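Asker: Input: one structure, supplied below.
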Amino acid sequence: MKIAICASDNNPESLVADRFARADYFAVYNSEDLQFSFFDNPAKKEGSGAGGKAAKILGDLDIEVVLVPELGPKAIDALNAFEIKSFQYKQGETVRAALYSYFEKKLPEMLDASVKGKH
Amino acid sequence: MKIAILSGKGGTGKTTLSVNLFSCLKKATLIDTDVEEPNSHLFLKGTTYHDEIVYKKYPVVNHDLCTLCGKCGDFCNFNAIIPAKKKVLVFDDLCHDCGGCRLVCPTNAISYKDKKIGNIYYQSIEENKQFLYGKLTVGEISGVKIIEHLKNITKKEEILLIDSPPGTSCSTVAAIEGADYCIIAAEPTPFGLSDMRMVVELLREEKVNYGVVVNKSNLGNNDIYEYLEKEGIELLESIEFREEFARIIARGELLVDHSDYVKDKMKNIIKKVLGDTYA
Numbered sequence: 197m198k199i200a201i202c203a204s205d206n207n208p209e210s211l212v213a214d215r216f217a218r219a220d221y222f223a224v225y226n227s228e229d230l231q232f233s234f235f236d237n238p239a240k241k242e243g244s245g246a247g248g249k250a251a252k253i254l255g256d257l258d259i260e261v262v263l264v265p266e267l268g269p270k271a272i273d274a275l276n277a278f279e280i281k282s283f284q285y286k287q288g289e290t291v292r293a294a295l296y297s298y299f300e301k302k303l304p305e306m307l308d309a310s311v312k313g314k315h
Numbered sequence: 251m252k253i254a255i256l257s258g259k260g261g262t263g264k265t266t267l268s269v270n271l272f273s274c275l276k277k278a279t280l281i282d283t284d285v286e287e288p289n290s291h292l293f294l295k296g297t298t299y300h301d302e303i304v305y306k307k308y309p310v311v312n313h314d315l316c317t318l319c320g321k322c323g324d325f326c327n328f329n330a331i332i333p334a335k336k337k338v339l340v341f342d343d344l345c346h347d348c349g350g351c352r353l354v355c356p357t358n359a360i361s362y363k364d365k366k367i368g369n370i371y372y373q374s375i376e377e378n379k380q381f382l383y384g385k386l387t388v389g390e391i392s393g394v395k396i397i398e399h400l401k402n403i404t405k406k407e408e409i410l411l412i413d414s415p416p417g418t419s420c421s422t423v424a425a426i427e428g429a430d431y432c433i434i435a436a437e438p439t440p441f442g443l444s445d446m447r448m449v450v451e452l453l454r455e456e457k458v459n460y461g462v463v464v465n466k467s468n469l470g471n472n473d474i475y476e477y478l479e480k481e482g483i484e485l486l487e488s489i490e491f492r493e494e495f496a497r498i499i500a501r502g503e504l505l506v507d508h509s510d511y512v513k514d515k516m517k518n519i520i521k522k523v524l525g526d527t528y529a
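Protein chains in written order, with my numbering: chain G, 197 to 315; chain E, 251 to 529.
Below is the structure:
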């Protein structure tokens, strides 16, 4: 299973990002080979609809779970359409710590948008 | 002749200039294309005799025909259509109604539906004077469609004034497109000059003739005048700031109804832009 984490830099000790679709990087942890890999997030530069685009990027990477700070209504709709579950981490922790919290089942699953959309 | 009044920076006097110029013309049409925040009607106080709804189209996907090939999503610049695992997501409020997704769809799975994005209001002000303004629905992404509609309705007018939106983005470009002349409403402040430079760049690219009216000319500094001289840009008029003017505008009244000074300035601008016969 592949788990994505919104990251502010490209290593497991970097802080988690404070935005979902406009995060600088997506950290991807593969639970089969226990490896991290990091992907630039081209959605962060989008003028509009970054949430949908970010969900598509994760969908194309075969992500099943994403750890996020907040989600807008379009982002959650798009993640649902790509059948990606989302869990909310706490700000200020590292990518690795957020992943451990997820494995320890400490992160709440996001079923609705946590922030209001802008459009 | 179509004359657009624009500024780059907000609050420099586009609407003030537009409505006061309009009031000094015997026969003219004014359109307020600042559809996100139209204000001209507050000064003109006409009564609306006709109200039109403006629609945009957004894509609807027939999932029996769709093969989830992804071409529509790759084409869309605004992420309004996103092919996902089992269906295609459409965010109608992000759609700019370009029609591209239907063109690239290989299985003809996309059709379009109408969605209201705003209104156009028609007002007759006095004999031979018409005023129209558009209003974009709150939360809609682009007013360009409404602006294009406003301009299409008034394309045959002999004298058309176009009160344009601030900035230099799509809606401003739509407002000035096809104009024979542009009047830049500027102010002699660092912010006014900085934003005006972007307007000048836009107008040079669009190859439209233009001149500048400096409002609040006794405030700020001299940078703008030096800039105009250096660039060889015509200064049509400069109009002083007076507390009395601020009070008149704050009451929603026309400066030309109270000030001969402003009236003369307006007539002079009209003379320079349209010629003696219209002043």
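For each residue, glycine too, the CB sits at the ideal point set by N, CA and C.
All figures in this text were calculated on a predicted structure; none of them were measured in a lab.
(1) Residues of chain G with a CB under 7 Å from the CB of Leu-453(E): which are they?
(2) Hey, is Leu-344(E)'s beta-carbon within less than 8 Å of any beta-carbon in chain G?
(3) What are the boundary residues of the alpha helix (DSSP H) that Ile-259(G) is part of?
(4) Is it true that the segment 417-434 of chain E meets the segment 268-288 of chain E, where meeting means three or more beta-carbon pairs spaced less than 8 Å apart?
(5) Using 8 Å as the threshold, is the segment 311-323 of chain E in touch with the segment 348-356 of chain E, meaning 3 or more CB pairs across them?
(6) Between the segment 369-378 of chain E and the segment 297-310 of chain E, are three or more C-beta pairs nearer than 8 Å?
(7) Which residue or residues does DSSP assign as beta-bridge partners of Pro-309(E)?
(8) What does the alpha-carbon distance come out to for the pair Cys-274(E) and Thr-527(E)?
(9) Would DSSP call Phe-278(G) helix, strand or coil?
(10) May I ask you to list the residues that DSSP assigns as paired with Tyr-460(E)?
(11) Kindly indicate if chain G contains any beta-carbon less than 8 Å away from that of Lys-337(E).
(12) Tell me which residue opens and which closes the alpha helix (DSSP H) that Ser-384(E) is part of.
(13) Using a C-beta to C-beta distance shorter than 8 Å, which residues of chain G count as neighbours of Gly-323(E)?
(14) Using the beta-carbon count (16 or more within 10 Å), is Glu-279(G) buried or exposed?
(15) Tell me the DSSP secondary structure of Ala-219(G) in three-state form.
(16) Taking a cut of 7 Å between CB atoms, which residues from the segment 430-450 of chain E lie near chain G?
(17) Tell me the DSSP bridge mates of Ile-301(E)?
(18) Let me know the secondary structure DSSP gives Thr-422(E) once reduced to three states.
(19) Quick one: residues in its chain with C-beta nearer than 6 Å to the C-beta of Ala-330(E), no 5 flanking neighbours on either side, listed in chain order?
(20) Say whether chain G places a C-beta atom closer than 8 Å to the C-beta of Ile-391(E).
(21) In chain G, what lies closer than 7 Å to Ala-330(E) by C-beta?
(22) Rounded to a whole number of angstroms, what is the C-alpha to C-alpha distance between Arg-292(G) and Glu-209(G)?
(23) Mapping DSSP to helix, strand and coil, what is Ala-250(G)?
(24) Looking at chain G, is there any beta carbon in it that lies within less than 8 Å of the beta carbon of Ala-334(E)?
(25) Might you give, ordered along the chain, the residues of its own chain that have their beta carbon closer than 6 Å to the beta carbon of Lys-240(G), omitting 5 neighbours on each side?
(26) Please list, in chain order, all residues of the same chain as Ala-359(E) whose beta carbon is under 7 Å from its beta carbon, the five residues on each side excluded.
(27) Mind listing which residues of the segment 278-292 of chain G have their C-beta closer than 7 Å to chain E's C-betas, in chain order?
(28) Quick one: is Ser-282(G) buried, meaning 16 or more other Cβ sit within 10 Å of its Cβ, or exposed?
(29) Report the partner residues of Thr-262(E) according to the DSSP bridge assignment.
(30) If you follow the alpha helix (DSSP H) that Ala-309(G) is in, where does it begin and where does it stop?
(31) How about Val-463(E) and Leu-443(E): are their beta carbons less than 8 Å apart?
(32) Based on the DSSP output, what are the partners of Tyr-225(G) in its beta bridges?
(33) Tell me Thr-404(E)'s beta-bridge partners as DSSP assigns them.
Answerer: Answer, in terms of the structure:
(1) Numbered from 1 along the second sequence, position 203 holds the residue referred to as residue 453(E). Simply none; closest approach about 24 Å.
(2) For the purposes of this step, residue 344(E) is identified with residue 94 of the second sequence, where counting begins at 1. Yes - at least one Cβ of chain G is within 8 Å of the one on Leu-344(E).
(3) Locating residue 259(G) in the first sequence gives position 63, counting from the first residue. That residue, Ile-259(G), is in no alpha helix (DSSP H); it is neither H nor E in DSSP.
(4) Result yes; three or more Cβ-Cβ pairs closer than 8 Å.
(5) At 8 Å Cβ cutoff, the stretches touch.
(6) Enough Cβ pairs lie closer than 8 Å, so yes.
(7) As a first step, residue 309(E) must be located in the second sequence, where it is residue number 59. In the DSSP assignment, Pro-309(E) is bridged to Tyr-362(E).
(8) Position 24 of the second sequence, counted from the first residue, corresponds to residue 274(E). Position 277 of the second sequence, counted from the first residue, corresponds to residue 527(E). Within the model, the alpha-carbon separation for Cys-274(E) versus Thr-527(E) is close to 12 Å.
(9) For this step, residue 278(G) is matched to residue 82 along the first sequence. The DSSP-derived three-state label of Phe-278(G) is coil.
(10) To locate residue 460(E), count along the second sequence from 1; it is residue 210. DSSP, once it has assigned bridges, lists Cys-432(E) as partnering Tyr-460(E).
(11) As a first step, residue 337(E) is located in the second sequence; it is residue number 87 there, counting from the start. Yes - at least one Cβ of chain G is within 8 Å of the one on Lys-337(E).
(12) One-based indexing of the second sequence puts residue 384(E) at position 134. The sequence as given places Gly at residue 384(E); Ser does not occur at that position. From DSSP, Gly-384(E) is part of no alpha helix (DSSP H) but of the beta strand (DSSP E) over 379-386.
(13) On the second sequence, position 73 is the one that residue 323(E) refers to. Ordered by position in chain G, the residues that pass the 8 Å Cβ test against Gly-323(E) are Lys-252.
(14) Taking the first residue of the first sequence as position 1, residue 279(G) is located at position 83. Exposed, since its Cβ has fewer than 16 Cβ neighbours within 10 Å.
(15) Here residue 219(G) corresponds to residue number 23 of the first sequence, with the count starting at 1. For Ala-219(G), the three-state secondary structure derived from DSSP is coil.
(16) Residues: none.
(17) Translated into the one-based positions of the second sequence, residue 301(E) becomes position 51. A quick correction: the sequence has Asp, not Ile, at residue 301(E). Answer by DSSP bridge pairing, in chain order: Tyr-371(E).
(18) Taking the second sequence and counting its residues from 1, one reaches residue 422(E) at position 172. Secondary structure at Thr-422(E): helix, using DSSP grouped into helix, strand and coil.
(19) Your numbering for residue 330(E) matches position 80 in the second sequence. Phe-341, Leu-344 and Cys-345, listed in sequence order.
(20) For this step, residue 391(E) is matched to residue 141 along the second sequence. Among the CB atoms of chain G, one or more fall inside 8 Å of the CB of Ile-391(E).
(21) Here residue 330(E) corresponds to residue number 80 of the second sequence, with the count starting at 1. Residues of chain G with a Cβ closer than 7 Å to the Cβ of Ala-330(E) are, in chain order, Gly-245.
(22) Here residue 292(G) refers to the residue found at position 96 of the first sequence. Here residue 209(G) refers to the residue found at position 13 of the first sequence. Roughly 6 Å separates the two Cα atoms.
(23) For the purposes of this step, residue 250(G) is identified with residue 54 of the first sequence, where counting begins at 1. Correct three-state label for Ala-250(G): helix.
(24) Here residue 334(E) refers to the residue found at position 84 of the second sequence. It does: the Cβ of Ala-334(E) has a partner Cβ on chain G nearer than 8 Å.
(25) Taking the first sequence and counting its residues from 1, one reaches residue 240(G) at position 44. So the list reads Arg-218, once near-sequence residues are dropped.
(26) In the second sequence, the residue the question calls residue 359(E) occupies position 109. Closer than 7 Å at Cβ, skipping near neighbours: Val-311, Asn-312, Leu-315 and Cys-316.
(27) Considering only beta carbons, the part of the segment 278-292 of chain G lying closer than 7 Å to chain E consists of Phe-278 and Glu-279, in chain order.
(28) Numbered from its first residue, the first sequence carries residue 282(G) at position 86. Buried, by the Cβ-count rule.
(29) Here residue 262(E) refers to the residue found at position 12 when the second sequence is read from its first residue. None, per the DSSP bridge assignment.
(30) Within the first sequence, residue 309(G) is the residue found at index 113, counting from 1. It is not in any alpha helix (DSSP H) - Ala-309(G) carries neither H nor E in the DSSP assignment.
(31) On the second sequence, residue 463(E) is found 213 positions in, with the first residue counted as 1. On the second sequence, residue 443(E) is found 193 positions in, with the first residue counted as 1. Cβ distance not < 8 Å, so Val-463(E) and Leu-443(E) don't count as in contact.
(32) As a first step, residue 225(G) is located in the first sequence; it is residue number 29 there, counting from the start. Among the bridge pairs identified by DSSP, Tyr-225(G) is matched with Ile-199(G) and Phe-232(G).
(33) Reading the second sequence from its first residue, position 154 is the one you call residue 404(E). DSSP lists no partner for Thr-404(E).
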